[in-house]
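Numbering (my numbering), first residue to last: 65 to 186.
Every residue gets a Cβ at the ideal spot worked out from N, C-alpha and C, and that includes glycine.
Since the structure is predicted, the reported quantities are computational estimates derived from the model, not experimental observations.
These notes concern the structure reproduced below.
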């Protein structure tokens with residue numbers, strides 16, 4: 065039995081790469097948010113943004129370091145018990161701030177706390 069588990073475990077990791085992917089969940093505070101934007105181009109309709117920063121001062125350096133290394137990376141975030149996807153960008157002139165661009169029905173409000181999942185190896 066032990067031999068079977070030992071032989072199958074690497075196969076499981078190869079089959080499900082999500083098991084190997086490292087990630088960090090970071091609570092972030094909404095500083096500013098937009099409503100769904102409208103455009104004459106249907107591809108741009110419904111885009112929203114959130115200007116965010118760390119919710120806990122202990123996470124300041126971690127978020128700043130991640131933003132510098134992974135600018136423009138797709139992330140997941142949780143709000144109101146639902147998962148959304150967006151692109152998190154670094155704002156070079158706003159230290160430790162990120163611009164989260166997404167579509168969806170979630171309307172963020174100033175001071176909301178959202179849980180952002182930051183992939184280590186996007």
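Check: Does DSSP put residue 143 in a helix, a strand or coil?
Finding: strand
Notebook entry, point to check: How would you label residue 175, buried or exposed, when you count the other beta carbons within 10 angstroms and need 16 or more for buried?
Noted result: exposed
Checklist line | Pair within 9 Å by beta-carbon distance, residue 180 and residue 140 | finding: yes
Next item on the list: Compute the distance between the beta-carbons of residue 114 and residue 164, then report whether it is under 9 Å.
Entry: yes
Margin query: Contact defined as beta carbons within less than 8 Å: I believe residue 100 pairs with residue 172. What is the distance between those atoms, to the nearest angstrom?
Written below: Actually they are not in contact, since the Cβ atoms of residue 100 and residue 172 sit about 12 Å apart, beyond 8 Å.
Checklist line | residue 126 - DSSP class collapsed to helix/strand/coil | finding: helix
Note to self: Let me check one thing: in DSSP terms, what residues is residue 138 bridge-paired to?
What the structure shows: 151
Next item on the list: Pick helix, strand or coil for residue 133, following the three-state DSSP scheme.
Entry: helix
Notebook entry, point to check: With distances taken from CA atoms, which of 134, 167, 156, 160 is nearest residue 149?
Noted result: 167
Notebook entry, point to check: Taking the C-alpha atoms as reference points, what is the distance between residue 94 and residue 162?
Noted result: 10 Å
Margin query: Between the alpha carbons of residue 28 and residue 122, how many angstroms are there, rounded?
Written below: The shown model of the chain, from 65 to 186, leaves out residue 28, and the question about it has no answer.
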